[in-house]
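Peer 1: Once you've had a glance at the structure underneath, I'll fire off some questions.
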Amino acid sequence: MFNDTSKIILLVEDNPDDVALTLRAFKKNKIMNTVVVAKDGAEALDYLFCTGEYADRDIKDSPQIVLLDLKLPKINGLEVLKKIREDDRTKLLPVIILTSSKEQQDLLDGYSLGANSYIRKPVDFNQFIEAVRQLGLYWLVLNIGPTE
Numbered sequence: 009m010f011n012d013t014s015k016i017i018l019l020v021e022d023n024p025d026d027v028a029l030t031l032r033a034f035k036k037n038k039i040m041n042t043v044v045v046a047k048d049g050a051e052a053l054d055y056l057f058c059t060g061e062y063a064d065r066d067i068k069d070s071p072q073i074v075l076l077d078l079k080l081p082k083i084n085g086l087e088v089l090k091k092i093r094e095d096d097r098t099k100l101l102p103v104i105i106l107t108s109s110k111e112q113q114d115l116l117d118g119y120s121l122g123a124n125s126y127i128r129k130p131v132d133f134n135q136f137i138e139a140v141r142q143l144g145l146y147w148l149v150l151n152i153g154p155t156e
């Protein structure tokens with residue numbers, strides 16, 4: 009369905025079960041994009057800004073979208089989002105918060121800091137597969153990003 013490996017997805021998620029579930033949902037929906045997984049906020053920022061273990065990465069190979077969990081070790085998701093929006097190189101990058109948080113304040117803070125979308129992870133796997141299908145269709149196929 010969505011087979012553009014040049015469109016990288018950065019998945020920022022510390023829970024290995026949620027990573028596996030998300031990757032399985034991508035596969036089930038035939039979303040074959042390259043997925044880079046960052047296990048914490050610091051790794052996500054290193055990837056995005058080509059620092060630390062990603063110092064050799066070409067910044068031109070930026071992700072098409074960032075799927076960002078909020079409850080992350082080292083640097084939380086809202087702080088990651090804030091740093092993304094503060095930097096000219098990433099301020100227009102689509103960031104979709106994908107979280108299990110039901111806190112209204114997280115929702116408000118996410119949008120206040122510039123999130124493009126806020127999706128609560130459905131508990132039911134079939135609902136999650138459908139959410140990922142719609143996410144892939146919109147953000148990877150229909151949406152025209154600022155760098156296209």
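Those letters in the sequence shown? Residues 9 to 156, by this note's numbering. Ideal placement from N, C-alpha and C gives every residue a C-beta, glycine not left out.
Could you please give me the residues that DSSP links to D128 through a beta bridge?
Peer 2: For the purposes of this step, residue 128 is taken as residue 120 along the sequence shown, with counting starting at 1. Residue identity differs from the one stated: residue 128 is Arg in this sequence, not Asp. T107.
Peer 1: Less than 6 Å between C-beta atoms, sequence neighbours within five positions excluded: which residues of the same chain meet that for K47?
Peer 2: Position 39 of the sequence shown, counted from the start, is the residue given in the question as residue 47. Taken in chain order, the residues that qualify are D22.
Peer 1: Helix, strand or coil for M9? Go by DSSP, reduced to three states.
Peer 2: Indexing the sequence shown from 1 puts residue 9 at position 1. Confidence in M9 is poor, its pLDDT being 47 and thus under 50, which makes the residue's placement too unreliable to answer from.
Peer 1: How long is the line joining the alpha carbons of D69 and E61, rounded to whole angstroms?
Peer 2: Along the sequence shown, read from residue 1 onward, the residue named residue 69 stands at position 61. Along the sequence shown, read from residue 1 onward, the residue named residue 61 stands at position 53. Roughly 15 Å separates the two Cα atoms.
Peer 1: Of the choices K110, N151, L89, D66, whose alpha-carbon is the least far from that of A123?
Peer 2: If you number the sequence shown from 1, residue 123 lands on position 115. Taking only the C-alpha atoms, the option nearest A123 is L89.
Peer 1: CA-CA distance, S125 and N134?
Peer 2: Taking the first residue of the sequence shown as position 1, residue 125 is located at position 117. Taking the first residue of the sequence shown as position 1, residue 134 is located at position 126. C-alpha separation (whole angstroms): 21 Å.
Peer 1: Taking the straight line between their C-alpha atoms, what separation do you get for I39 and L19?
Peer 2: For the purposes of this step, residue 39 is taken as the residue at position 31 of the sequence shown. For the purposes of this step, residue 19 is taken as the residue at position 11 of the sequence shown. Rounded to the nearest angstrom, the two C-alpha atoms are 14 Å apart.
Peer 1: Are Q72 and G144 close, meaning C-beta to C-beta below 8 Å?
Peer 2: For the purposes of this step, residue 72 is taken as the residue at position 64 of the sequence shown. For the purposes of this step, residue 144 is taken as the residue at position 136 of the sequence shown. Going by C-beta atoms, Q72 is not nearer than 8 Å to G144.
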